[in-house]
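Residue numbers 10 to 260, in my numbering, belong to the letters of the sequence shown in order. Structure first, commentary second.
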Amino acid sequence: MQANGDNLKGNWITGINAIDKIRLGPQDKLPASLKNHPARNKYYALPLILGLVGMFFHYKKDKHNFSVVMMLFVLTGLAIVIYLNQTPNQPRERDYAYAGSFYAFAIWIGLGVVGLVKFIKQIENSSAAAIAVTTVSLACVPGIMAAENWDDHNRSGRYLARDIACNYLNSCAPNAILFTNGDNDTFPLWYAQEVEGVRTDVRVVNLMLLNTDWYIDQSARKAYDSDPTPLPSRAINTCRGGAMWCTYKNA
(Lines of atoms letter the chains of each structure in order from A and count residues from 1; the text may use other names and numbers.)
(Lines give C-alpha, C1' and ligand atoms only; values in the text may rest on other atoms or scores of the structure.)
Protein backbone atom coordinates (compact mmCIF):
# COMPACT_ATOMS: atom_id res chain seq x y z
CA MET A 1 0.00 0.00 0.00
CA GLN A 2 1.70 3.18 -1.19
CA ALA A 3 2.24 5.90 1.39
CA ASN A 4 0.47 9.22 0.96
CA GLY A 5 1.32 10.93 4.25
CA ASP A 6 -1.37 9.59 6.58
CA ASN A 7 -1.29 6.81 9.19
CA LEU A 8 -3.34 4.29 7.24
CA LYS A 9 -1.35 3.97 4.00
CA GLY A 10 2.29 3.01 3.75
CA ASN A 11 4.17 4.02 6.88
CA TRP A 12 6.41 1.81 9.01
CA ILE A 13 6.60 0.24 12.45
CA THR A 14 9.53 -0.67 14.69
CA GLY A 15 7.91 -3.62 16.44
CA ILE A 16 8.40 -1.82 19.76
CA ASN A 17 4.85 -1.21 20.99
CA ALA A 18 5.62 1.87 23.08
CA ILE A 19 7.14 3.69 20.10
CA ASP A 20 4.59 2.51 17.55
CA LYS A 21 1.67 3.48 19.78
CA ILE A 22 2.89 7.08 19.98
CA ARG A 23 3.30 7.35 16.21
CA LEU A 24 0.41 5.29 14.88
CA GLY A 25 -1.95 4.53 17.73
CA PRO A 26 -2.66 1.21 19.51
CA GLN A 27 -1.37 -1.68 17.43
CA ASP A 28 -3.35 -4.34 19.31
CA LYS A 29 -6.61 -3.07 17.82
CA LEU A 30 -5.65 -3.85 14.23
CA PRO A 31 -7.81 -6.33 12.31
CA ALA A 32 -6.25 -9.73 11.65
CA SER A 33 -5.91 -8.92 7.93
CA LEU A 34 -3.45 -6.14 8.77
CA LYS A 35 -1.87 -7.61 11.89
CA ASN A 36 -0.90 -10.81 10.05
CA HIS A 37 -0.13 -9.21 6.70
CA PRO A 38 3.14 -10.48 5.14
CA ALA A 39 4.30 -6.90 4.53
CA ARG A 40 4.02 -6.02 8.24
CA ASN A 41 7.73 -6.36 8.92
CA LYS A 42 9.34 -5.55 12.28
CA TYR A 43 13.08 -4.89 12.60
CA TYR A 44 12.96 -3.40 16.13
CA ALA A 45 15.04 -0.45 14.85
CA LEU A 46 18.16 -2.64 14.98
CA PRO A 47 19.47 -1.73 11.48
CA LEU A 48 18.94 1.95 12.35
CA ILE A 49 20.71 1.64 15.70
CA LEU A 50 23.64 -0.30 14.24
CA GLY A 51 23.94 2.24 11.42
CA LEU A 52 24.01 5.14 13.89
CA VAL A 53 26.69 3.34 15.91
CA GLY A 54 28.70 2.90 12.71
CA MET A 55 28.18 6.54 11.78
CA PHE A 56 29.54 7.70 15.16
CA PHE A 57 32.44 5.22 14.99
CA HIS A 58 33.30 6.34 11.45
CA TYR A 59 33.31 10.01 12.50
CA LYS A 60 35.60 9.28 15.45
CA LYS A 61 38.07 7.24 13.39
CA ASP A 62 38.31 9.20 10.12
CA LYS A 63 36.47 12.51 9.80
CA HIS A 64 37.57 13.07 6.20
CA ASN A 65 36.39 9.65 5.03
CA PHE A 66 33.21 10.10 7.06
CA SER A 67 32.45 13.37 5.27
CA VAL A 68 32.71 11.62 1.89
CA VAL A 69 30.20 8.93 2.88
CA MET A 70 27.96 11.56 4.49
CA MET A 71 27.93 13.56 1.26
CA LEU A 72 26.93 10.42 -0.64
CA PHE A 73 24.22 9.74 1.94
CA VAL A 74 22.77 13.27 1.83
CA LEU A 75 23.09 13.97 -1.90
CA THR A 76 21.51 10.65 -2.92
CA GLY A 77 18.87 10.81 -0.20
CA LEU A 78 17.50 13.98 1.35
CA ALA A 79 18.81 16.21 -1.45
CA ILE A 80 16.99 14.15 -4.08
CA VAL A 81 13.80 14.23 -1.98
CA ILE A 82 13.95 18.04 -1.90
CA TYR A 83 15.04 18.43 -5.52
CA LEU A 84 12.44 16.10 -7.07
CA ASN A 85 9.67 17.16 -4.66
CA GLN A 86 7.54 14.23 -5.79
CA THR A 87 3.81 14.33 -5.23
CA PRO A 88 2.01 11.49 -3.41
CA ASN A 89 0.44 8.61 -5.37
CA GLN A 90 3.25 7.97 -7.85
CA PRO A 91 2.78 5.24 -10.51
CA ARG A 92 5.07 3.05 -8.37
CA GLU A 93 7.24 3.24 -5.26
CA ARG A 94 10.25 5.49 -5.86
CA ASP A 95 12.62 4.10 -3.24
CA TYR A 96 15.04 3.08 -6.01
CA ALA A 97 15.72 6.78 -6.57
CA TYR A 98 17.45 6.84 -3.18
CA ALA A 99 19.50 3.65 -3.63
CA GLY A 100 22.77 5.54 -3.23
CA SER A 101 21.82 6.64 0.28
CA PHE A 102 20.93 3.03 1.14
CA TYR A 103 24.43 1.97 0.09
CA ALA A 104 25.98 4.71 2.23
CA PHE A 105 23.97 3.73 5.30
CA ALA A 106 24.82 0.06 4.68
CA ILE A 107 28.50 1.06 5.00
CA TRP A 108 27.72 2.48 8.43
CA ILE A 109 25.82 -0.65 9.43
CA GLY A 110 28.93 -2.68 8.62
CA LEU A 111 31.13 -0.23 10.51
CA GLY A 112 28.70 -0.47 13.40
CA VAL A 113 29.72 -4.10 13.88
CA VAL A 114 33.39 -3.05 13.85
CA GLY A 115 32.62 -0.32 16.38
CA LEU A 116 30.87 -2.76 18.71
CA VAL A 117 33.78 -5.21 18.45
CA LYS A 118 36.25 -2.42 19.32
CA PHE A 119 34.09 -1.36 22.26
CA ILE A 120 33.75 -4.91 23.62
CA LYS A 121 37.48 -5.48 23.28
CA GLN A 122 38.10 -2.48 25.51
CA ILE A 123 36.02 -4.20 28.18
CA GLU A 124 36.95 -7.83 27.51
CA ASN A 125 40.06 -8.21 25.38
CA SER A 126 39.43 -11.65 23.93
CA SER A 127 38.77 -13.10 20.50
CA ALA A 128 35.77 -14.98 21.83
CA ALA A 129 34.03 -11.72 22.75
CA ALA A 130 34.68 -10.27 19.29
CA ILE A 131 33.33 -13.40 17.61
CA ALA A 132 30.27 -13.35 19.86
CA VAL A 133 29.49 -9.71 19.05
CA THR A 134 29.88 -10.34 15.32
CA THR A 135 27.66 -13.43 15.46
CA VAL A 136 24.94 -11.66 17.45
CA SER A 137 25.06 -8.66 15.09
CA LEU A 138 24.62 -10.92 12.06
CA ALA A 139 21.76 -12.77 13.71
CA CYS A 140 19.98 -9.64 14.91
CA VAL A 141 20.21 -7.48 11.79
CA PRO A 142 20.51 -9.44 8.51
CA GLY A 143 18.97 -12.48 10.20
CA ILE A 144 15.85 -10.65 11.36
CA MET A 145 15.54 -8.79 8.06
CA ALA A 146 15.70 -12.06 6.12
CA ALA A 147 13.15 -13.73 8.40
CA GLU A 148 10.75 -10.78 8.22
CA ASN A 149 11.11 -10.08 4.50
CA TRP A 150 11.22 -13.57 3.04
CA ASP A 151 7.47 -14.18 2.94
CA ASP A 152 6.69 -10.95 1.07
CA HIS A 153 9.81 -10.73 -1.11
CA ASN A 154 10.26 -14.32 -2.26
CA ARG A 155 9.92 -14.41 -6.05
CA SER A 156 10.60 -18.11 -6.59
CA GLY A 157 8.12 -19.80 -8.89
CA ARG A 158 6.81 -16.52 -10.30
CA TYR A 159 7.14 -16.71 -14.07
CA LEU A 160 4.17 -14.63 -15.21
CA ALA A 161 6.25 -11.90 -16.88
CA ARG A 162 8.44 -14.45 -18.64
CA ASP A 163 5.49 -16.59 -19.77
CA ILE A 164 3.55 -13.61 -21.12
CA ALA A 165 6.62 -12.45 -23.05
CA CYS A 166 7.07 -15.89 -24.60
CA ASN A 167 3.37 -16.02 -25.49
CA TYR A 168 3.61 -12.61 -27.18
CA LEU A 169 6.63 -13.65 -29.22
CA ASN A 170 5.36 -17.11 -30.15
CA SER A 171 2.04 -15.67 -31.34
CA CYS A 172 3.79 -13.49 -33.95
CA ALA A 173 4.24 -14.41 -37.58
CA PRO A 174 7.79 -15.09 -38.80
CA ASN A 175 9.92 -11.92 -39.01
CA ALA A 176 7.12 -9.86 -37.47
CA ILE A 177 7.48 -6.44 -35.84
CA LEU A 178 6.09 -6.32 -32.28
CA PHE A 179 5.30 -2.81 -31.03
CA THR A 180 5.42 -2.06 -27.29
CA ASN A 181 4.69 1.11 -25.38
CA GLY A 182 6.58 1.03 -22.08
CA ASP A 183 9.02 -0.68 -19.74
CA ASN A 184 6.83 -3.40 -18.29
CA ASP A 185 5.85 -4.93 -21.62
CA THR A 186 9.28 -4.46 -23.23
CA PHE A 187 11.82 -5.78 -20.73
CA PRO A 188 10.33 -9.30 -20.48
CA LEU A 189 10.47 -9.52 -24.28
CA TRP A 190 14.11 -8.46 -24.29
CA TYR A 191 14.85 -11.05 -21.60
CA ALA A 192 13.12 -13.84 -23.51
CA GLN A 193 15.09 -13.06 -26.67
CA GLU A 194 18.46 -12.24 -25.08
CA VAL A 195 18.63 -14.92 -22.38
CA GLU A 196 16.38 -17.75 -23.57
CA GLY A 197 16.67 -17.16 -27.32
CA VAL A 198 12.89 -17.17 -27.86
CA ARG A 199 11.79 -16.06 -31.35
CA THR A 200 14.79 -13.91 -32.14
CA ASP A 201 13.35 -13.36 -35.63
CA VAL A 202 10.71 -11.01 -34.17
CA ARG A 203 11.68 -7.35 -34.03
CA VAL A 204 10.60 -5.58 -30.81
CA VAL A 205 10.03 -1.85 -31.31
CA ASN A 206 9.38 0.36 -28.29
CA LEU A 207 7.25 3.32 -29.37
CA MET A 208 8.39 5.47 -26.43
CA LEU A 209 12.07 4.94 -27.24
CA LEU A 210 11.37 5.56 -30.92
CA ASN A 211 11.33 9.26 -30.03
CA THR A 212 15.07 9.16 -29.32
CA ASP A 213 17.84 9.45 -31.89
CA TRP A 214 19.97 6.60 -30.49
CA TYR A 215 17.06 4.16 -30.63
CA ILE A 216 16.19 5.11 -34.20
CA ASP A 217 19.82 4.51 -35.13
CA GLN A 218 19.79 1.18 -33.28
CA SER A 219 16.53 0.14 -34.92
CA ALA A 220 18.05 0.69 -38.35
CA ARG A 221 20.48 -2.16 -37.67
CA LYS A 222 19.93 -5.90 -37.59
CA ALA A 223 19.20 -7.41 -34.15
CA TYR A 224 19.49 -11.14 -33.42
CA ASP A 225 17.82 -12.85 -36.40
CA SER A 226 15.47 -9.95 -37.18
CA ASP A 227 15.94 -7.54 -40.04
CA PRO A 228 16.40 -3.79 -39.50
CA THR A 229 13.20 -1.91 -38.76
CA PRO A 230 11.90 -0.38 -42.02
CA LEU A 231 12.14 3.29 -41.08
CA PRO A 232 12.08 6.30 -43.43
CA SER A 233 15.60 7.19 -44.54
CA ARG A 234 14.96 10.79 -43.46
CA ALA A 235 14.44 9.68 -39.85
CA ILE A 236 17.65 7.64 -39.89
CA ASN A 237 19.60 10.49 -41.49
CA THR A 238 18.26 12.97 -38.92
CA CYS A 239 19.28 10.86 -35.93
CA ARG A 240 22.77 10.38 -37.39
CA GLY A 241 23.39 14.10 -37.54
CA GLY A 242 22.13 14.81 -41.04
CA ALA A 243 19.96 17.68 -39.81
CA MET A 244 22.21 19.06 -37.09
CA TRP A 245 23.10 22.19 -39.06
CA CYS A 246 21.80 24.31 -41.92
CA THR A 247 23.23 27.01 -44.17
CA TYR A 248 22.09 30.59 -43.54
CA LYS A 249 22.57 33.35 -46.11
CA ASN A 250 21.87 36.96 -45.27
CA ALA A 251 19.79 38.40 -48.12
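Each residue gets a CB set at the ideal place from its N, CA and C atoms; glycine is no exception.
Between I25 and A54, the beta carbon gap of about 7 Å places them in contact (Cβ cut-off 8 Å). Under the rule that a run must span 4 or more residues, the alpha helix (DSSP H) segments found entirely inside the segment 42-127 read 55-70, 72-84, 87-93.
Contact between the segment 141-161 and the segment 68-82 is not established, with fewer than three Cβ pairs separated by less than 8 Å. Taking 8 Å as the cut-off, the Cβ atoms of L178 and R208 count as close. With 16 or more other Cβ atoms from the protein chains shown falling within 10 Å of its own Cβ, V122 counts as buried.
If you draw a straight line from the Cα of Y105 to the Cα of F82, it is about 14 Å long. Between K231 and P239 the beta-carbon gap is near 12 Å, outside 8 Å, which marks them as no contact.
The shortest CA-to-CA distance from V62 to any of M217, D234, S146 is the one to S146.
Under the DSSP assignment, T23 falls outside any beta strand (DSSP E); it carries neither an H nor an E label. Considered as a whole, the segment 123-197 harbours 186-189 as its complete beta strand (DSSP E) runs of no fewer than 3 residues, in chain order. Within the DSSP bridge table, the entry for N215 names T189 as partners.
Annotated as proximal: A139 and I129, with beta-carbon spacing under 8 Å. In its own chain, leaving out the 5 sequence neighbours on each side, no residue places its CB closer than 6 Å to the CB of A182.
Non-local C-beta neighbours of N13 in its own chain, meaning closer than 8 Å and more than five positions away in sequence, comprise G19, P97, N98, ordered along the chain.
A straight-line Cα-Cα distance of about 35 Å links D234 and R101. Listed in chain order, the non-local C-beta contacts of D210 below 7 Å within the same chain comprise P183, N184, D234, S235, local neighbours out to five positions each way being set aside. Membership of S228 in the alpha helix (DSSP H) is indicated by the continuous run 222-228. In the structure shown, the three-state DSSP call for A232 is strand.
E205 carries a coil assignment under DSSP once its states are collapsed to helix, strand and coil. Taking the C-beta atoms as reference points, T189 is found nearer than 8 Å to N215.
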